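Q: In the numbering used here, the protein residues as written are 40 to 339. Where a beta carbon is used, it is the ideal one built from N, C-alpha and C, also for glycine. Keep in mind it's a predicted model, so treat the numbers as computed, not measured. Pasting in a structure now, in structure tokens, and then I'll have a few things to ask.
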Amino acid sequence: MPKRVLVYNQASPISGASPATSSFVDKHPDFEKVEQGRPDFKTDLHPVHVTKSPNPDWKYGDGVKRLNDAFHVGIDPYDDGRPWMDNYRLLISGIVPRPIGLLSTRSGDNKTENLSPMSYFQVVDHDPATFVVGFSSRTDRPKDTWRNLLESGECVINIVSEDMVEAVMATSVDAPYGVSEWEISGLTRGETKVVKPSRVKESVFSIECKLADSKEFNHRTKPGFSVASIAILEAKWFWVRSDALDESRNHIDLNVLKPVAQLGGIAYARVTETFERPRKTWAQAVEEAPWLADLAKAKK
């Protein structure tokens, strides 16, 4: 694992740039040297390999057959002796993999553009198509993306693919407010239908959004130091690259999307192997395991 150090007035590599934001800078011992000793990135791992599930013979009531004997450690996230950075490190290493949404925003006066990768990001519903994005910033200087979202009320979410990673990471540099990450990264502006911010043309899947709601939370362990915020975004228009979209326009080909996910530290993941497990109705489950019907009767 790379060593990490807390630095102020730097940009967070996972949640976008802001000149006054505290962040973690990874101190890998001579990263370029370590990188040179690693094998080249494999581009021939697609199409994605589909395997059986881990336990294809699993039956209702089986539980987990290979239960680990190691004990669990209980942690109070707000213990007086626990640095808040420890919660950050624990969460980003334990809540994985996390999808990355590259957010494109504009300021309220339409003069300033911003691109920022967000890994505190997830879809929360499909009707309406809704997403949530989390931010953490200093109280005196909100992050550029958050600031623009509140001013303009709109953005574009761009899903990150394998061939975009280096350019996307360049957008997390702590550039002064007003300096465009479009030029820094070399990513290409694409047209939009409903909102003013440009979409990233290199992204296979982009979503134009309007800000539906927002909320700020006070820092629990150090009041007044920083603010956690969430933005709830509603989709207004989808853009899908033609070679990734099926004829019904309701499915995106994983082998074309090639999504990248955030892990802990400076690590990322790709999808090269999957397995499937069908979801069953209660009637199907009872047919497979008749004893389940007795559970339902016992509850009456």
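1. In whole angstroms, what separates the C-alpha of PHE110 from that of ARG121?
2. To the nearest angstrom, report how far apart SER287 and ILE131 are at their CA atoms.
3. With distances taken from CA atoms, which of TRP276, PRO262, PHE244 is nearest LYS235?
4. Quick check: what's the CA-CA separation for SER224 versus GLY113?
5. If I measure Cβ to Cβ from SER191 and keep anything under 6 Å in the same chain, skipping five residues before and after, which residues do I get?
6. What is the C-beta distance between VAL199 and ILE139, in whole angstroms, given that I count them as a contact (C-beta under 8 Å)?
7. To the nearest angstrom, how far is it from the Cα of HIS88 to the Cα of ARG309?
8. Pick out whichever of PRO215, LEU302, ARG318 has its Cα sitting closest to the Cα of TYR127.
9. Pop quiz: LEU296 and VAL239 are said to be a contact at Cβ under 8 Å. What is the actual Cβ separation, rounded to whole angstroms?
10. Kindly confirm or deny that the stretch 148-164 and the stretch 208-222 touch, where touching means at least three C-beta pairs closer than 8 Å.
11. For PHE314, name the three-state secondary structure that DSSP assigns.
12. Can you pull the DSSP bridge partners for GLN75?
13. Cutting at 8 Å between CB atoms, please list the residues of its own chain near VAL135, excluding the five before and the five after it.
14. Are the Cβ atoms of GLU247 and SER268 separated by less than 7 Å?
15. Report buried or exposed for ASP96, applying the criterion of at least 16 other Cβ atoms within 10 angstroms of its Cβ.
16. Skipping 5 residues on each side, what residues in its chain have a beta carbon closer than 6 Å to that of THR313?
A: This is what the structure holds:
1. 21 Å
2. 36 Å
3. TRP276
4. 42 Å
5. ARG145, GLY147
6. 4 Å
7. 12 Å
8. LEU302
9. Between VAL239 and LEU296 the Cβ distance is about 14 Å, and since that is not below 8 Å, they are no contact.
10. yes
11. strand
12. Answer by DSSP bridge pairing: none, since GLN75 is not bridged.
13. ALA300, GLN301, LEU302, GLY303, ALA308
14. no
15. exposed
16. VAL87, VAL89
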